[in-house]
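Under full-length UniProt numbering, think of the first position of the sequence shown as 1, with each following residue one higher. Beta carbons: idealized from backbone N, C-alpha and C, even for Gly. Given the structure is predicted, the values throughout are model-derived calculations rather than measurements. Taking it in order: structure first as C-alpha cells, then the write-up.
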Amino acid sequence: MSIFFRNLRYRHGSCSDWRNSRGLEMLERIIFSAFALCVAAPAAAVTVDIDFEGGTEGQDVGTFYAGQGVVFSGAEFDASPGQPGADGLMAITGNAGTFGLPKQNTPITIDFDFAVDSVSVVALDVGTNDARIDAFDIDDNLIDFDVFVSTNTVNDDFSFSTLTVTAAGIRSIELYQPSNDSGTDGINFDTLSFTFVEATPVPAPGALGLLGLGALALGFRRRRG
Numbered sequence: 001m002s003i004f005f006r007n008l009r010y011r012h013g014s015c016s017d018w019r020n021s022r023g024l025e026m027l028e029r030i031i032f033s034a035f036a037l038c039v040a041a042p043a044a045a046v047t048v049d050i051d052f053e054g055g056t057e058g059q060d061v062g063t064f065y066a067g068q069g070v071v072f073s074g075a076e077f078d079a080s081p082g083q084p085g086a087d088g089l090m091a092i093t094g095n096a097g098t099f100g101l102p103k104q105n106t107p108i109t110i111d112f113d114f115a116v117d118s119v120s121v122v123a124l125d126v127g128t129n130d131a132r133i134d135a136f137d138i139d140d141n142l143i144d145f146d147v148f149v150s151t152n153t154v155n156d157d158f159s160f161s162t163l164t165v166t167a168a169g170i171r172s173i174e175l176y177q178p179s180n181d182s183g184t185d186g187i188n189f190d191t192l193s194f195t196f197v198e199a200t201p202v203p204a205p206g207a208l209g210l211l212g213l214g215a216l217a218l219g220f221r222r223r224r225g
C-alpha cells in the first residue's frame with residue numbers, strides 16, 4: 001500500500017519538494033496505524049481448568065469459582081486421596097437427595113456465564129450406578145451427552161472415566177448417576193475443563209475516525225501537489 005501511494009506521488013510529480021514528501025509519508029503512517037487498530041484480531045479458543053484443590057471437604061461449591069464464569073448447584077467438596085484418576089486431594093460430590101447421591105432428578109448442575117463449546121470432567125469411584133454428563137443450551141434443550149457404563153458388579157474406588165460433551169452454545173451441564181443398582185454407591189467428579197471462544201474485539205470509533213481523517217488529509221495534500 002505504501003508503494004502504491006509513493007508511485008502516485010511520482011506519477012503526478014509531487015515529490016520535488018522534500019517536505020511535501022515527508023508530510024505525505026507521515027500521513028501514510030497515520031492511516032496505516034488507524035487501519036491496524038481497526039483490524040479485529042482473530043477469535044481465540046480459551047480453555048479453563050478447575051482441579052477443585054482450593055476447597056474444604058464438606059464445603060458447598062456454589063459460587064466458589066464464579067470468578068471463572070461458573071456456578072455450581074447440588075455439589076460440595078469431597079476428599080479424594082488415592083482415588084485412581086484423581087488430580088490431587090480434592091474433588092466434588094453431590095449434596096442433594098438421598099445420601100447426597102447425584103441422580104437425574106438431583107444432579108450436580110454447573111451453569112456457565114457464557115456459551116462454551118466443550119466440557120470435560122473426570123468421574124471417579126464409578127461403581128454400579130455408572131456416570132453421565134448432560135449438556136444444555138440457553139433454553140435448557142439437551143444438545144449433547146456422554147455416559148460411562150461401569151463393568152463393576154460391586155462398589156469400589158477403582159473405576160474412573162473422562163466424560164466429554166461438545167456442542168456450540170453450551171450454557172449448563174448436569175452430572176449424575178444414571179443407574180440405581182446400589183442405593184449407597186457414591187461418586188466423585190474431578191478436573192473440570194471447558195473451552196470457549198473469546199469475543200472478537202470491535203474497532204473503537206476513535207480509530208475509525210482517525211482512519212477517515214487521515215485519508216481525507218492525504219487526498220487533500222495530493223490535490224495540492
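Applying the criterion that 16 or more other CB atoms from any shown protein chain within 10 Å of the CB defines a buried residue, is residue i buried or exposed?
| i | result |
| --- | --- |
| A135 | buried |
| D49 | exposed |
| F194 | buried |
| P81 | exposed |
| G67 | exposed |
| Y10 | Low confidence applies here, because Y10 scores a pLDDT of 43, under 50, leaving its location unreliable and the question unanswered by this model. |
When you compare only the Cα positions, how much space is there between residue i and residue j?
| i | j | result |
| --- | --- | --- |
| D146 | I133 | 5 Å |
| F72 | D87 | 19 Å |
| Y65 | D139 | 23 Å |
| T128 | A43 | 43 Å |
| G85 | Q177 | 18 Å |
| Q104 | E174 | 8 Å |
| F189 | V121 | 7 Å |
| F196 | F112 | 10 Å |
| T63 | T151 | 35 Å |
| R171 | I110 | 9 Å |
| P102 | T47 | 26 Å |
| Q83 | I187 | 11 Å |
| T184 | E198 | 42 Å |
| E57 | N141 | 33 Å |
| T106 | F158 | 24 Å |
| D137 | A79 | 31 Å |
Based on the DSSP output, what are the partners of residue i in its beta bridges?
| i | result |
| --- | --- |
| A176 | Correcting the residue identity first, residue 176 is Tyr in this sequence and not Ala. Partner(s): R132. |
| G94 | A75 |
| T47 | T195 |
| A123 | S161, F189 |
| I110 | F72, I173 |
| L101 | For L101, which the question treats as bridged, DSSP gives no partner whatsoever. |
Sorted by chain position, which residues of the same chain lie with C-beta nearer than 6 Å to residue i's C-beta, five sequence neighbours on each side aside?
| i | result |
| --- | --- |
| S179 | N129, D130 |
| V165 | V119, I133, A135, D144, D146 |
| G100 | G94 |
| A96 | G74, T106 |
| I108 | G74, A75, G94, P102, L175 |
| L192 | I50, V121 |
Which residues in the same chain have their Cβ closer than 7 Å to the Cβ of residue i, if we skip the five residues on either side of it in sequence?
| i | result |
| --- | --- |
| residue 267 | Lying before the first or after the last residue shown, residue 267 is absent from the chain, which here runs from 1 to 225. |
| F52 | F77, M90, A91, I92, D190 |
| A168 | D117 |
| F114 | G69, F196 |
| V61 | G55, F72, A75, E76, F77, I92 |
| A45 | T195, V197 |
Determine the DSSP secondary structure at residue i, reduced to helix, strand or coil.
| i | result |
| --- | --- |
| A168 | strand |
| F189 | strand |
| A115 | strand |
| F64 | coil |
| F148 | strand |
| I143 | strand |
Looking only at its chain, what residues have a beta carbon closer than 8 Å to the beta carbon of residue i, apart from the 5 residues adjacent to it on each side?
| i | result |
| --- | --- |
| Q59 | E76, F77 |
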